[in-house]
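Peer 1: I have a structure I would like to understand better, so I am pasting it below and will then ask my questions one at a time.
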Amino acid sequence: MTGIRLTAPAPGWAIDADVVVVGSGVAGLTAALRCAAAGLDTVVVTKARLDDGSTRWAQGGIAAALGEGDTPEQHLDDTLVAGAGLCDEEAVRTLVTEGPDAVRRLITTGAHFDTTDSGDIALTREGGHHRRRIAHAGGDATGAEISRALVGAVREAALHTIENALVLDLLTDAEGRTAGVSLHVMGEGQHDGVGAVRAPSVVLATGGMGQVFSATTNPPVSTGDGVALALRAGAEVSDLEFVQFHPTVLFLGADSEGQQPLVSEAVRGEGAHLVDGDGVRFMLGQHELAELAPRDIVAKAITRRMLDHGAEHMYLDARHFGARMWEQRFPTILAACRSHGIDPVTEPIPVAPAAHYASGGVRTDLRGRATVPGLYACGEVACTGVHGANRLASNSLLEGLVFAERIAADIAEARPPRTEPAGVPGVGDPAPLLAPEARTAIQRAMTRGAGVLRSADSLAAAAEELESLHREAAADAGGAKAVVPGVDAWEVTNLLLVSRVLVAAAREREETRGCHWREDRPDRDDAHSRRHLVVRIAPDRTPVVHRTETAAFPPVRPSD
């Protein structure tokens, strides 16, 4: 345990439960529903509304070997190739073999996927997949449909939910085992202000951390809160340097910041072409799958072409789809483009890479257990070993689904007793808070130094900017300039912590692998670098990076 906590008032209220699930995407709500079905008193805590997480923004779909002629083994092969030598094969095998039935259970929960004229699930292709295995809903609104179904099931089951709540820190008992979480509820409701949910099992399903960059496809709530909480609690994180930049994000201008509209990979799966300003298809000859190469390859190719041509973006040309296909297959993307003055029916779409998905996160085993007893993680906040150095398209929803079910099964089997939290949150060794306006400085430092293109110099510059912000906050803590605790300050403090850890890992990985692209180290080094970087935070708040001895993860518990 680090003893580090966010500066916050002591909890003014508390409730007791068997399980607290933090997050309301596919991973969190699936875990909560399964735990409740097992008779566990389950509380769901979510940062905004139940349906405001990253899941509802997912366009492309969910990958599973559901089609005729497809097999889990083929899905496994495609996943391992995309992961560039760092996937945990046992984790991937778990994903692809349990995935099809997990999707079918999602359907019985109420999710409606698009079907063919014969009534079968309609399947499409995305980058890195050699077969059509992506199930989708509403054309390009898969995440919204999954979210609708799961939120409806949660409300029908009358689960205890706490919305508009930012989780602050993990509570632990005298033995260092999980005892719940502290949280701050924003606005009116049954609970308000800082409180606690006391529970012996905590499931982190808080999503990603795309907001550490200036431009991202992630919603504003994706500020890395789960990873930051786990780090402060002494848990290990891994593979945080592998941030996937989605190749085709609608380009709204070089100065555009915040959440950007995604142009799903499924558009390329249906036959759209990437072209430069002269109309040349530059992915031909780059990879056997051309526009459907794994995302890291496409993002690098777009970035290279932009640099070579001195351009700010490339184009995605799908004019040959025609109006009818655009309206029926991709209505969400069509509306987003038209709202920004671009009509994909008659003109190519300007696109550029933007931060999209964290392949790394809180290190877990195949039961979703983190390195702190009683703490679990699933979905984007977790690092199960499935994604390796680069996530295969549409494996994210599936990972959240499969590992959430495994977590619920483990908790239901263990049924740990409730214990009393030791110590008071916010008292002891509080982390210095950053002023809310530091968010922009963090994002710009990360975009410049740890974006698609990285080097020793750029990462060193980013590290220095981040450490400077950290030092300033520490110097101001307790003085006249001390920042008043609040949601914006807590979020920015979380952003700084996960940014510092990400940069520390990226500096340590002196090679190019997957979505980690080092300009100064352009080659992949399997002999020395086919290893995972595991990071924890020392009590003095410095990141400590450890390189694993092999490409396999060590056990999360010494006794395993």
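In this note's numbering, the protein residues as written are 1370 to 1929. From the three backbone atoms N, C-alpha and C, an ideal C-beta is built for every residue, glycine too.
1) Just checking, does the segment 1735-1743 make contact with the segment 1431-1442 on the three C-beta pairs under 8 Å criterion?
2) Could you compute how far the alpha carbon of Gln1812 sits from the alpha carbon of Arg1775?
3) Classify Asp1853 as buried or exposed, calling it buried when 16 or more other Cβ atoms lie within 10 Å of its own Cβ.
4) Output the distance between the C-alpha atoms of Gly1549 and Asp1895, rounded to the nearest integer angstrom.
5) Between Glu1716 and the rest of its own chain, which residues show a CB-CB distance below 8 Å, the 5 nearest in sequence each way excluded?
6) Which residue marks the beginning of the alpha helix (DSSP H) containing Gly1595, and which one marks its end?
7) Quick check on Ile1697: does DSSP put it in helix, strand or coil?
8) Which same chain residues, not among the five before or five after Gly1797, have their C-beta less than 8 Å away from its C-beta?
9) By the 10 Å Cβ neighbour count, where 16 or more other Cβ atoms means buried, how is Ile1671 classified, buried or exposed?
10) Can you have a look at Ile1476 and say buried or exposed, based on whether 16 or more other CB atoms are within 10 angstroms of its CB?
11) Examine the Cβ distances between the segment 1516-1534 and the segment 1778-1791 and report whether three or more of them are shorter than 8 Å.
12) Report the residue from Leu1902, Ala1777, Thr1917, Glu1806 whose alpha carbon sits nearest the alpha carbon of Gly1855.
13) Can you tell me whether Leu1676 is buried or exposed, with buried defined as 16 or more other CB within 10 angstroms of its CB?
14) Is Gly1576 buried or exposed, if buried means 16 or more other CB atoms sit within 10 Å of its CB?
15) Just curious, the alpha helix (DSSP H) that Arg1474 is in, first and last residue?
16) How would you write the range of the beta strand (DSSP E) that Leu1685 sits in, first residue to last?
17) If I'm right that Val1731 touches Val1566 with Cβ under 8 Å, what's the distance once you round it to whole angstroms?
18) Curious, which full-length alpha helix (DSSP H) runs of at least 4 residues does the segment 1409-1453 contain?
19) If you reduce the DSSP assignment to three classes, tell me which class Val1395 lands in.
20) Taking all protein chains shown into account, do 16 or more other C-beta atoms lie within 10 angstroms of the C-beta of Ala1377, making it buried, or fewer, making it exposed?
21) Please state the DSSP three-state secondary structure of Ala1825.
22) List the endpoints of the continuous alpha helix (DSSP H) containing Leu1540.
23) Report the three-state DSSP secondary structure of Ile1711 (helix, strand or coil).
24) Quick one: Cα of Thr1862 to Cα of Leu1802, how far?
25) Have a look at Arg1893, Ala1921, Arg1926, Arg1905 and flag the residue whose alpha-carbon is nearest the alpha-carbon of Ala1453.
26) Could you check which residue in Ala1858, Leu1598, Ala1874, Ala1526 has the C-alpha nearest to that of Ala1406?
27) From Glu1836 to Arg1869, what does the alpha carbon distance come to, in whole angstroms?
28) Within this structure, are the beta carbons of Ala1396 and Ala1751 separated by less than 9 Å?
29) Give the single residue among Leu1703, Ser1570, Val1581 whose Cα lies nearest to the Cα of Glu1860.
30) Going by Cα to Cα distance, which pick from Val1904, Leu1658, Gly1654 is closest to Arg1500?
31) Residues in its own chain within less than 7 Å of Trp1382 by CB, not counting five upstream and five downstream?
32) Just verifying my parser: in three-state terms, what is the DSSP assignment at Gly1691?
33) If you draw a straight line from the C-alpha of Pro1589 to the C-alpha of Ala1758, how long is it?
34) Buried or exposed for Ser1487, going by 16 or more other Cβ atoms inside 10 Å?
35) In whole angstroms, give me the CA-to-CA distance for Val1632 and Leu1761.
36) How is Cys1752 classed by DSSP in three states: helix, strand or coil?
Peer 2: The relevant details are as follows:
1) no
2) CA-to-CA, the gap between Gln1812 and Arg1775 works out to about 35 Å.
3) Checking the sequence, you will find Val at residue 1853 rather than Asp. Answer is exposed; the Cβ neighbour count stays below 16.
4) 41 Å
5) Arg1688
6) 1594-1601
7) According to the sequence as given, residue 1697 is Gln; it is not Ile. Gln1697: helix per DSSP, three-state reduction.
8) Low local confidence applies: a pLDDT of 48 at Gly1797 is under 50, so the model's placement there is unreliable, with the coordinate-based value given in what follows. Taken in chain order, the residues that qualify are Gly1372, Arg1374.
9) buried
10) exposed
11) no
12) Glu1806
13) exposed
14) With 16 or more Cβ atoms within 10 Å of its Cβ, Gly1576 is classed as buried.
15) Residues 1458-1478.
16) 1683-1686
17) Not confirmed; about 19 Å, so no contact.
18) 1441-1451
19) helix
20) buried
21) Secondary structure of Ala1825 (DSSP, three-state): helix.
22) Note, Leu1540: premise wrong, no alpha helix (DSSP H); beta strand (DSSP E) at 1534-1541.
23) coil
24) 6 Å
25) With respect to the C-alpha of Ala1453, the residue from Arg1893, Ala1921, Arg1926, Arg1905 having the closest C-alpha is Arg1893.
26) Ala1406 has its Cα closest to that of Ala1526, out of Ala1858, Leu1598, Ala1874, Ala1526.
27) 8 Å
28) yes
29) That would be Val1581, whose Cα lies nearest to the Cα of Glu1860.
30) Leu1658
31) His1560, Gly1564
32) helix
33) If I take the Cα positions, the gap works out to 25 Å.
34) exposed
35) 16 Å
36) strand
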